[in-house]
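Data first, discussion second: the structure below is written as structure tokens.
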């Protein structure tokens with residue numbers, strides 16, 4: 053019933069904030085297939101969770117990406133709807149429909165921000181406040197330092213916070 057999902061597509065959708073379950077449902081594949089791609093990328097040094105965190109800071113095009121995902125979800129739902137007629141088991145039909153409903157409502161539910169994102173946002177705001185104060189007080193060395201090292205500061209806080 054599913055469409056082939058490439059690693060790049062799965063990664064992109066995950067980074068955009070979709071769950072493994074939602075990606076699997078949209079493509080009609082197992083969650084194991086998505087985890088396979090995620091683990092294979094991790095072994096190659098590509099951490100989907102780190103990419104997602106970085107992306108969560110960039111809120112541009114969120115509506116566009118959501119609309120693209122909805123279009124894919126609806127398209128696959130319409131294909132599966134036709135195939136539902138050939139499935140005799142009411143429970144199996146209900147499970148397929150339920151997957152689409154859950155995915156849609158998770159997408160439309162209010163955004164929940166995880167702890168890592170909250171910490172990242174707090175660190176970013178702190179660095180911004182320090183940079184603005186440095187500009188106001190004409191401390192160009194501090195501004196330069198912060199602008200050159202803000203990503204490292206955030207990474208170090210996360211690394212030290214997890215010890």
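Residue numbers (our numbering): 53 to 215.
Glycine is no exception: its CB is placed at the ideal position from the N, C-alpha and C atoms.
The model shown is predicted, which means the values in this text are computed figures rather than measured ones.
Other residues of its chain near residue i: CB distance less than 7 Å, five sequence neighbours each side excluded
i           : result
residue 201 : none
Neighbourhood of residue i by C-beta distance below 8 Å, restricted to the same chain and skipping five residues each side
i           : result
residue 198 : 179, 182, 183, 186, 205
Three-state secondary structure (DSSP) of residue i
i           : result
residue 189 : coil
residue 72  : helix
residue 81  : coil
Sequence-distant residues of its chain with Cβ nearer than 6 Å to residue i (five each side left out)
i           : result
residue 71  : none
residue 125 : 78
Beta-carbon proximity check, residue i vs residue j, cutoff 8 Å
i           : j           : result
residue 67  : residue 107 : yes
residue 169 : residue 105 : yes
residue 129 : residue 152 : yes
residue 57  : residue 84  : no
residue 159 : residue 118 : yes
residue 78  : residue 121 : yes
residue 80  : residue 132 : yes
For the pair the segment 58 to 65 and the segment 89 to 96, tell me if three or more CB-CB distances fall below 8 Å.
yes
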